[in-house]
Amino acid sequence: MFKLFFLITLLSSLLFSQQIDFSSPLNIKLFADYLFCDKDYLRAIDEYEKYLSVFDDDSIQFKIAVGYSAINDQSNAFKKFSSIKKTSSFYDQSRIEMLKSLYLQKIDSSYFLNADLLINSQSPFSNNAYRLKNSSLLLIKNDLPEKENFLIPFENEEKNNLSNFYDLKNDPPYKSEVWAGIFSAIIPGAGKIYTQEYGDGITAFILTGLFAYLAYTNFDHDHPTRAWIFTAIGAGFYAGNIYGSVASAQIFNARVNFDFDEGVKLFLEEKNYFTPTYDFCK
Amino acid sequence: MTFVNKNLLLLIIVLTSSLVAQSTLQQQFDFAKKLFTQEKYFDAITEFKRLQFFDNENQFSFQSNLLIGKSYKAGAKYDESIKYFVLSEMDAASDEEYFKAKIFNARTNILRRTTKQAERILNDLLIDQRFKSNEKEIKYWIGWSYIFSDDWEKAYEIFNENNLDTALASLCELVDQEKYSVNFAKYSSYLIPGFGQFYTGEYLSGAISLGWNILFGYLTINAFVEDRIFDAIIIGNFLWLRFYSGNIQNAEKFAVQKNLEISNKALEYLQYSFMGERP
Amino acid sequence: MIINKKYFLLYILIFQFTIYSQTDWVRWEKSDPTYQIEDTFLDRNYDLSIESASDVIVKPVINAYWFFISDVDGANCPFNPSCSSFLAQSIKETNIFQGTLMFFDRFTRDTNVFGRHEHYPRFGKKHLYDPVSLYTLNEEKIKYIPAKTFINE
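Rendered as structure tokens:
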């Protein structure tokens, strides 16, 4: 009898060792954690959602939101972060993450409203929100506040960086379209050299000069038809060079704006938008 | 006795019922494979990954990696596919398994158009004595690799060898014969401007090209004869040379374009109408 | 030796997995991309539609130029749109006078062979991107794209 009992226990333990409940919440969570740490976020989110259908766990909700943010689905990230309750230990982090999602979607009035709410709250991330908000001001067309007020939330190296950005925003190194046109009117190509298009400037000078010379020599050698053709072409290059210099100044200024915006965006990306970093995969 | 029997029965019932809720790794594998068969590739990969996560002894490593690779291949995610085929290769427990992984790796490289890599893999298999019996299959995929690298002549030679695949051999032969010689088009246009265009059936373009070359050639030579050297240089350099080099460019371009059309027609047939095995 | 090679391959794979995991950040379905090879030659878009008064003269002239001269003298323009297309588009977007000035400026930039690749974005394999919208003197139309960026329209 006891032998039979022992045999059954042994057999069942052998069988159990090969059995896995794949659909158990624990195993789903283990697998989801593995996927999350493997950066397979979309699959991890699906698994975590299955887990949440059984257990209500704010850390899992937060991880889902972080996952959506990682795959740049900011709209879903925002929804998930906003569902974190006030009683949760992740609540404060979720608020700053929501602000980051809004920033990454669009810098508009809703974004600034949320930023101000967070700045004026008792959150430990109020200063983070303040820094993100002020940095974002560099990317919109509106006037900046006074420099002193602008730099309030920043310290040390960040303060230097933001100070430089502030100065650049207020006084960008634009080229004057008017002066570009005038320089090219006086000396063909000079306007383009002013806007740092050195090759184009020299070419404009050569072409205008060449056709002016050809026109002159043909008039001098009594070939009026050819002379007038060269005059017309030369005049075209001359007028085109003035026009092109003005356009070149505009393009130069557009490049200044582009480089500035990219510089600010890169700075914010490096700072992780002043949001904390998480290490769920220790 | 009866009391003990009843307890035994109870124990058996409890054990059995808890077993029902659980699955074996084999069942998980079967479930994942079912999703693969149903072409739900994204979900199939999820389930294979789940299997792998819990398969501590790597019993299903080869099969799961192979099927993940095949799933990615079906979704045209060739880079990921190749990675999993390489993993399955490393987990291969037998020559047969190793061969299978290698062949799928080669086929994916063909689809990805990294045909040099495909050829290297297939040539390595060809010289491997373990796979002498698979020579036909290896050569079949070498042929496909040549098709995808647009070398129809070599593809024909492979498929024609020992009648490996007569349908593909005749298709490749036809394509190779229909194609224009790009070098002939180009070099004939060096000799007679417009000839390359005529050769590829672009008669109007050839005629216009020939006309311009005759005109500016005449004007250039005439200017030299009349001792108007400067005019001759200007006309020769900015007009005649321009149309002459344009003629050669066009001759080559039309030949390449026409050849591309011929290749693409054959590739379209192979993709949608060919009944044999495709990469 | 064999074991070392195996681990070396494994390390490379693991490294590449982290880069390529982005494939599954969007759900995907079965796909059968075409076997056909892409034709990278840019085709001419002949267009004789009359949309304004200047088109009555400009379009026939430009189309005739394309047919009899430009399509025969080879691909000499490194830019996209080509100089003649640039002229046609400039006139369309502005007026014949401004379009002509833009064309002379474009010709000047075409003549300058130095430093092109450090200045313009790339269009396809062989051309540089230089659209009309940058030169209309309308700042709002200017969409700056850094040099060497690849564009495939």
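Here the protein sequences line up with chains A, B and C, keeping their order.
Residue 73 in this note's numbering sits at position 36 of the first sequence, with consecutive numbering throughout.
Residue 271 in this note's numbering sits at position 97 of the second sequence, with consecutive numbering throughout.
Residue 1391 in this note's numbering sits at position 26 of the third sequence, with consecutive numbering throughout.
The C-beta atom is built at its ideal place from N, Cα and C for all residues, glycine as well.
When you compare each of the options to residue i by their alpha carbons, which one comes out closest?
i: K1491 of chain C; options: C:K1508, C:T1476, C:E1458, C:F1515; result: C:F1515
i: Y71 of chain A; options: B:F372, B:L225, B:E271; result: B:L225
i: K247 of chain B; options: B:L384, B:A280, B:F236, B:Q202; result: B:A280
i: A397 of chain B; options: B:I388, B:G249, B:G410, B:N334; result: B:G410
i: L300 of chain B; options: B:G317, B:R286, B:L285; result: B:G317
i: L139 of chain A; options: A:I133, A:P261, A:Y148, A:R132; result: A:Y148
i: D350 of chain B; options: B:D253, B:I366, B:K432; result: B:K432
i: S200 of chain A; options: A:I144, A:I239, A:L175, A:L150; result: A:L175
i: S437 of chain B; options: B:D324, B:L183, B:D204, B:D265; result: B:D324
i: K116 of chain A; options: A:D129, A:F99, A:I230, A:S126; result: A:F99
i: V1497 of chain C; options: C:S1449, C:K1424, C:D1408; result: C:S1449
i: P1398 of chain C; options: B:K251, B:F222, B:E213, B:N357; result: B:K251
i: F187 of chain A; options: A:F256, A:A272, A:E194, A:R168; result: A:R168
i: E183 of chain A; options: A:N171, A:F127, A:W216; result: A:N171
i: D316 of chain A; options: A:E185, A:S61, A:D75, A:P161; result: A:D75
i: E335 of chain B; options: B:L348, B:K313, B:W326, B:D253; result: B:K313
i: E1458 of chain C; options: C:F1406, C:F1433, C:L1502; result: C:L1502
i: F192 of chain A; options: A:D153, A:N165, A:I177; result: In the sequence as displayed, the identity of residue 192 of chain A is Glu instead of Phe. Nearest of A:D153, A:N165, A:I177 to E192 of chain A, Cα basis: A:N165.
i: S213 of chain A; options: A:E86, A:S126, A:Q287; result: A:Q287
i: L434 of chain B; options: B:I408, B:D401, B:S355, B:Y392; result: B:S355
i: F311 of chain A; options: A:F248, A:I239, A:F162; result: A:F162
i: L251 of chain A; options: A:F242, A:R263, A:R80, A:T240; result: A:R263
i: S319 of chain B; options: B:D298, B:F333, B:A292; result: B:A292
i: D1475 of chain C; options: A:F274, A:F295, A:I82, A:S125; result: A:F274
i: S447 of chain B; options: B:L338, B:T211, B:L296, B:L345; result: B:L345
i: P1443 of chain C; options: C:G1489, C:K1508, C:W1393; result: C:G1489
i: Y272 of chain B; options: B:N357, B:E352, B:N308, B:T198; result: B:N308
i: N207 of chain A; options: A:I189, A:I177, A:V215; result: A:I177
i: E1354 of chain C; options: A:A241, A:P313, A:A284, A:N198; result: The structure shown does not extend to residue 1354 of chain C, since chain C is modelled only from 1366 through 1518, so no value can be given for it.
i: D237 of chain A; options: C:L1493, C:N1517, C:L1499, C:R1471; result: C:R1471
i: I268 of chain B; options: B:A359, B:G249, B:N297, B:F305; result: It should be noted that the sequence gives Ser, not Ile, for residue 268 of chain B. The shortest C-alpha separation from S268 of chain B is found at B:F305.
Bridge partners for residue i per DSSP, in chain order?
i: L1493 of chain C; result: C:F1444, C:R1487
i: I242 of chain B; result: Bridge partners of I242 of chain B: none, in fact.
i: F1515 of chain C; result: C:R1487
Just mark residue i as buried or exposed, buried being the case when its beta carbon has 16 or more other beta carbons within 10 Å.
i: T232 of chain A; result: buried
i: Q202 of chain B; result: buried
i: M135 of chain A; result: buried
i: A195 of chain B; result: Note on A195 of chain B: pLDDT 46, under 50, position unreliable in the model; no value is reported.
i: A341 of chain B; result: exposed
i: Q111 of chain A; result: buried
i: N1477 of chain C; result: buried
i: G370 of chain B; result: buried
i: R286 of chain B; result: buried
i: T282 of chain B; result: buried
i: P367 of chain B; result: buried
i: E270 of chain B; result: exposed
i: K277 of chain B; result: Position check: residue 277 of chain B holds Ile in this sequence, whereas Lys was assumed. Per the 10 Å Cβ criterion, buried.
i: K143 of chain A; result: exposed
i: T289 of chain B; result: buried
i: G249 of chain B; result: buried
i: D129 of chain A; result: buried
i: D1495 of chain C; result: buried
Give a yes or no on whether 7 Å exceeds the smallest Cβ distance from residue i to chain D.
i: I57 of chain A; result: Among the protein chains in the structure shown, which are A, B and C, there is no chain D.
- Message: With a threshold of 8 Å, are at least 3 pairs of Cβ atoms found where one atom belongs to the segment 248-266 of chain B and the other to the segment 115-133 of chain A?
- Response: no
- Query: Are three or more beta carbon pairs between the segment 259-278 of chain A and the segment 1482-1499 of chain C nearer than 8 Å?
  - Reply: no
- Query: Is the segment 408-422 of chain B in contact with the segment 1448-1466 of chain C, if contact means three or more CB pairs nearer than 8 Å?
  - Reply: No, the segment 408-422 of chain B is not in contact with the segment 1448-1466 of chain C.
- 4-residue-minimum alpha helix (DSSP H) runs that sit fully inside the segment 251-339 of chain B, ordered along the chain: 252-264, 269-285, 289-301, 309-322, 326-334
- Check whether the segment 1424-1441 of chain C touches the segment 382-400 of chain B, counting contact only when three or more Cβ pairs, one atom from each stretch, lie closer than 8 Å. yes
- Query: So does the segment 303-313 of chain A actually touch the segment 216-227 of chain A, counting three or more Cβ pairs closer than 8 Å?
  - Reply: At 8 Å Cβ cutoff, the stretches do not touch.
- For the segment 271-278 of chain A and the segment 100-108 of chain A, state whether three or more C-beta atom pairs, one from each stretch, are separated by less than 8 Å. no
- Can we say the segment 420-427 of chain B touches the segment 360-372 of chain B, given the rule of at least three CB pairs closer than 8 Å? Yes: at least three Cβ pairs fall under 8 Å.
- Message: Would the segment 89-97 of chain A count as touching the segment 229-237 of chain B if we require 3 or more Cβ pairs under 8 Å?
- Response: no
- In the segment 210-292 of chain A, which residue ranges form an unbroken alpha helix (DSSP H) of at least 4 residues, counting only runs that do not cross its ends? 214-223, 227-231, 235-257
- Task: Let me know the alpha helix (DSSP H) ranges lying completely inside the segment 147-202 of chain A, each 4 residues or longer, listed in chain order.
- Result: 163-174, 184-187
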